[in-house]
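Down below is the structure, laid out as structure tokens.
Residue numbers (my numbering): 11 to 163.
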């Protein structure tokens, strides 16, 4: 892996603390996916065997509400998406659409399993990083939803 790519990955929260050899192994097990503005990376309800790490561009996370799509948040370079379905082995809980031309690293469940088989401590760190990201987003959602509520008596 070229040094600039390795440095780029090491600066991303999901890969925080991972050794360079583990990042190289993960990249070798993954592929790069490009989407034009308006194209979907994933659709709500799809099976979720892959995690994506945005390298370039911006995406929006969309949730179906009746017949409408509601924007939950926007993500940019360094952010990941698709991790929830991998962690809880459920279907996709939301859709992800490119707002601009995007490049993302696509990491399969098999790629993560490969890390687990080679170094369980590094795998645990990666899982903890994903858990922290999910927790951070849940905290942001809680703050957004409950800001306008009156104080408890």
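Using N, Cα and C, we set each Cβ at its ideal position, and we do this for glycine too. None of these values were measured; they are calculated from a predicted model.
To which residues of the same chain is residue 128 closer than 7 Å at the C-beta, ignoring the five residues directly before and after it?
35
In this structure, how does DSSP classify residue 66 when only helix, strand and coil are distinguished?
strand
For residue 116 and residue 61, I'd like the C-alpha separation in whole angstroms.
6 Å
I'd like to know whether the C-beta atoms of residue 66 and residue 84 end up nearer to each other than 7 Å.
no
So for residue 72, helix, strand or coil by DSSP?
strand
Please classify residue 17: is it buried, with 16 or more other beta-carbons within 10 angstroms of its beta-carbon, or exposed?
exposed
At which residues does the beta strand (DSSP E) containing residue 116 begin and terminate?
DSSP places residue 116 inside the beta strand (DSSP E), whose first and last residues are 112-118.
In chain order, what residues of the same chain have a beta carbon less than 6 Å from the beta carbon of residue 22, not counting five sequence neighbours either side?
88
Taking 7 Å as the cut-off, decide whether the C-beta atoms of residue 48 and residue 101 are in contact.
no
Rounded straight-line distance, which links the Cα of residue 58 to that of residue 144:
A straight line joining the alpha-carbon of residue 144 with that of residue 58 spans about 16 Å.
Using the Cα positions of residue 42 and residue 86, report the straight-line distance between them to the nearest angstrom.
The alpha-carbon atoms of residue 42 and residue 86 are separated by roughly 16 Å.
Could you check where the beta strand (DSSP E) with residue 23 kicks off and where it finishes?
Residue 23 -> no beta strand (DSSP E), and no H or E assigned at all.
Ordered along the chain, which non-local residues of its own chain (more than five positions away) have a Cβ less than 7 Å from that of residue 20?
Residues 33 of the same chain have their beta carbon placed closer than 7 Å to that of residue 20, with the five preceding and five following residues left out of the count.
Beta strand (DSSP E) runs wholly inside the segment 38-63, at least 3 long, in chain order
DSSP runs (the beta strand (DSSP E)) wholly in the segment 38-63: 41-45 and 50-52.
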